[in-house]
Amino acid sequence: MALTRNDVEQIANLARLELTGTQTAMYQQQLSDILNYADMLDQLDLEGVEPTTQAVTMRNVLRADVVETTLTMDEVLANAPQKANNQFVIQAVLDE
Amino acid sequence: MSKYEAVIGLEVHAELMTDSKMFCGAPVVDSVEAEPNVAVRPLCLGMPGTLPVANKQAIEYALKVALALNCDINKFNRFDRKNYFYPDLPKGYQISQLDHPIGVNGYVDVTLESGEVKHIRVRRVHMEEDTGKLTHMADGTSLVDYNRAGVPLLEIVSEPDIHSAEVAHAYATHLRQILRYLEVNSGDLEKGVLRVEPNISIRPTGTDELNTRTEVKNLNSFRILYMASEYEIKRQTALIESGGSVVQETRGWNEERKSTFSQRIKEDAHDYRYFPDPDLPAIELDQSFIDAVRAGLPELPASKIERYQTEMGLGAADAKQLAAEKRTAIWFDAAVTAGGDPKAVANMLINNLSAMMNESGQAIDDIAVTPDSLVGLLVQVEKGVINKNIAKEVLAEMFANGGSAASIIAAKGLAQVSDDGPIRDVISTILANNPNELAAYKAGKTKLRGFFVGQVMREMKGKANPAVVNQLLDEALKS
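Heads up: the sequence lines are chains A and B, in that order.
Residues in the first sequence are numbered consecutively from 1, following this note's numbering.
Residues in the second sequence are numbered consecutively from 1001, following this note's numbering.
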């Protein structure tokens, strides 16, 4: 499966990546190669095999509704580029 | 009939009242009262290496709601990632259920003020997590609080079966009552634990077209839901009648102007790239678990309203009022079970106790009057020990200081006087003391009879048996 230049631009946009023209062409090639490689799986005969979305067969891994210790305020905000009033400060998001 | 009709579907988001969050042990706190970022664990911040584990209680609550809304239950449940970049969830996706929601194909029957019943289908009920809260500042920055990020959230989506603002309001109110009866959500719209978003379009009446719709967000009361729906219906109708067309968009509500406004979000920009969350193994619900949760469901308001009318003979308005809040309904049921006449209990509750509770700001569970003690009071009235006016006085005393009706009546000497002797004496005195009124009465001003009754009752501090007073007074006036 080959990706178009538009596909790559769309993916980059959704990932908030800014690509140069050269990079777009490079990723178009690389991503297409990866998908082509995965296309090999189409050669398998999967007649009668249930679709799987997870490799694990575990079921019902649940936790009881119990409160555990929270982070301290310093820990919560340790990676905040900017903070104020015990909150993260971000630049306003334009499309909200 | 108007030329156009509305087509409305409602999306309702309800936070579930668990102690801890959906996928980690961070506590669920009141997002209005709590200081920001005090209920945060590494998972809430999307820290690398953290793994979500689903909260069993939240799943049980979600199942309760799906069952109460008459849904088909999907035994196989899977969580999916809804990918988007927005600072309200730092990990870059919201965990939700796309293809395998816990409940599908449900319905509720909503009774309108007129008594008409509307059948509203529920398309799906699915589990997800709430997002953090952004506060937009004047300088163009925003503050982010992650207390709410990861709180268990239920999304309840109706089919577009609603055709007026009135029905949208009634459906939302009905849903809120059910959530409160199930004790999974407080129903507090102002705190944002329950959020209602209508999708609205219009079409020529009688057709089954589905036209371009708008979605209205951030409505923090059912009154605003009603007004915003009315406004959208009128706005879209005017637009179409003047040859324009409706633009698919999200709109907000301007409370000052009482109008909706475009929030200018590009709808086609959303591409959530849902995929199954590899971190969360699927959940399979056992039939025995589903059966047990179903068996544990409380009687819901619609059933109570029906029962109060058909079995107890109450009027529709009284039945609705008693069933509106679960605790009131349970209190009422307990009083009836204790032997109280349903109409007498309903009357005391609606006409007397509610006013006292409003004044004192108490909830029904906190008042000194119990279902049993109210029945004790009604028995005193029934036996003729006290009359209805004195009963109100006794009730006020029971409300203020507790105690049984019998002991209050004894302590305060409130028992009704039915013996002829004392009443006859008082009547003689009253007639003797008011010769002018008596003369006027005898001259034909018969309205003065009420004056004499009032004087006698006042003299006897309200304790005289009204029937005996009436009878003896008539005899005295004739002589």
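Glycine included, every Cβ here is placed at the ideal spot set by N, Cα and C.
Taking C-beta to C-beta, are residue i and residue j nearer than 8 Å?
i               : j               : result
Y1171 (chain B) : I1178 (chain B) : no
E1159 (chain B) : R1121 (chain B) : yes
I1408 (chain B) : V1417 (chain B) : no
I1290 (chain B) : L1010 (chain B) : no
N1055 (chain B) : D65 (chain A)   : yes
P1466 (chain B) : N1347 (chain B) : no
L1045 (chain B) : V76 (chain A)   : yes
L1225 (chain B) : V1196 (chain B) : yes
N1199 (chain B) : R1213 (chain B) : yes
W1331 (chain B) : P1276 (chain B) : no
P1052 (chain B) : V1144 (chain B) : no
Y1272 (chain B) : K1082 (chain B) : yes
V1468 (chain B) : I1427 (chain B) : no
V1007 (chain B) : S1201 (chain B) : yes
I1059 (chain B) : G1103 (chain B) : no
Y1004 (chain B) : R1203 (chain B) : yes
Y1107 (chain B) : P1301 (chain B) : no
L1377 (chain B) : A1405 (chain B) : yes
K1021 (chain B) : V1151 (chain B) : yes
E1128 (chain B) : E1155 (chain B) : yes
E1459 (chain B) : L1448 (chain B) : no
L14 (chain A)   : Y27 (chain A)   : no
Y1274 (chain B) : L1098 (chain B) : yes
R1327 (chain B) : D1365 (chain B) : yes
P1462 (chain B) : N1401 (chain B) : Residue identity differs from the one stated: residue 1462 (chain B) is Gly in this sequence, not Pro. No, the Cβ-Cβ distance between G1462 (chain B) and N1401 (chain B) is not below 8 Å.
Which bits of chain B does residue i rub up against, with CB to CB less than 7 Å?
i             : result
E9 (chain A)  : Those within 7 Å of E9 (chain A) in chain B number zero; the least Cβ separation is about 13 Å.
M73 (chain A) : N1037
Count the other CB atoms, across all protein chains shown, that sit within 10 Å of the CB of residue i; report buried if there are 16 or more and exposed otherwise.
i               : result
G1490 (chain B) : With chain B represented from 1001 up to 1479, any question about residue 1490 (chain B) goes unanswered, as that position is not in the structure.
D95 (chain A)   : Here the model assigns D95 (chain A) a pLDDT of 48, short of 50, so the residue's position is not dependable, and the following value carries that caveat. When all chains shown are included, D95 (chain A) counts as exposed.
A1168 (chain B) : buried
K1478 (chain B) : exposed
E1267 (chain B) : The predicted model places E1267 (chain B) with a pLDDT of 49, which falls under 50 and marks its position as unreliable, so this point remains unresolved.
Y1231 (chain B) : buried
H1174 (chain B) : buried
Y37 (chain A)   : exposed
S1242 (chain B) : exposed
S1114 (chain B) : exposed
E1015 (chain B) : buried
N1147 (chain B) : buried
G1450 (chain B) : exposed
G1206 (chain B) : exposed
L3 (chain A)    : buried
Please list the partners that residue i has in chain A, where partner means a Cβ-to-Cβ separation under 7 Å.
i               : result
P1056 (chain B) : In the sequence on display, residue 1056 (chain B) carries Lys and not Pro. What K1056 (chain B) touches in chain A: L62, R63, A64 and D65.
T1018 (chain B) : D65
Once the 5 residues before and after residue i are set aside, which same chain residues still bring their CB inside 8 Å of it?
i               : result
T24 (chain A)   : R5, V8, E9 and A12
Q1263 (chain B) : K1217, E1249, T1250, R1251 and G1252
N970 (chain B)  : Nothing about residue 970 (chain B) can be reported from this structure: the residues present for chain B run from 1001 to 1479 only.
M1457 (chain B) : A1464, P1466 and V1469
In chain B, which residues lie less than 8 Å from residue i when you measure between Cβ atoms?
i              : result
T143 (chain A) : Lying before the first or after the last residue shown, residue 143 (chain A) is absent from chain A, which here runs from 1 to 96.
V76 (chain A)  : N1037, V1040, L1045 and Y1146
N85 (chain A)  : P1036 and L1143
Using a C-beta to C-beta distance shorter than 9 Å, which residues of chain A count as neighbours of residue i?
i               : result
R1078 (chain B) : T53 and Q54
V1053 (chain B) : V61, L62 and R63
P1101 (chain B) : By Cβ distance, chain A contributes nothing, its closest Cβ being about 15 Å from P1101 (chain B), past 9 Å.
P1278 (chain B) : T53, Q54, A55 and V56
Among residues of its own chain, excluding the 5 on either side of residue i, which ones have a beta-carbon nearer than 6 Å to its beta-carbon?
i               : result
I1123 (chain B) : A small correction: the amino acid at residue 1123 (chain B) is Arg; Ile does not occupy that position in the sequence shown. Within the same chain, R1123 (chain B) has close Cβ partners V1157 and E1159.
M1356 (chain B) : F1399
K1118 (chain B) : V1110 and V1167
In chain order, what residues of the same chain have a beta carbon less than 7 Å from the beta carbon of residue i, not counting five sequence neighbours either side?
i               : result
A1282 (chain B) : F1076, N1077 and R1078
A1329 (chain B) : K1304, L1322 and A1323
R1041 (chain B) : C1024, G1025 and A1026
L1374 (chain B) : A1335, G1340, V1345 and M1348
F1261 (chain B) : R1251, G1252 and N1254
V49 (chain A)   : none
Under 8 Å Cβ-Cβ, which residues of chain A neighbour residue i?
i               : result
S1096 (chain B) : Ordered by position in chain A, no residue passes the 8 Å Cβ test against S1096 (chain B), which lies about 15 Å from the chain.
I1283 (chain B) : R59, N60 and L62
Which residues of chain B have a Cβ atom closer than 9 Å to the Cβ of residue i, listed in chain order?
i             : result
L14 (chain A) : N1083, Y1084, F1085, D1271 and R1273
Mind checking whether the beta-carbon of residue i lies closer than 7 Å to any heavy atom of the ligand ZN?
i             : result
L46 (chain A) : As presented, the structure is devoid of all ligands, the ligand ZN included, so that no description of it is given.
*Segment contact, 8 Å Cβ cut-off, at least three pairs: the segment 52 to 70 of chain A with the segment 1021 to 1028 of chain B*: Yes, since at least three Cβ pairs between the segment 52 to 70 of chain A and the segment 1021 to 1028 of chain B fall closer than 8 Å, the two stretches touch.
*Taking 8 Å as the threshold, find out whether the segment 1219 to 1234 of chain B comes into contact with the segment 1028 to 1035 of chain B through three or more Cβ pairs.*
Because the criterion of three Cβ pairs below 8 Å is not met, the segment 1219 to 1234 of chain B and the segment 1028 to 1035 of chain B do not touch.
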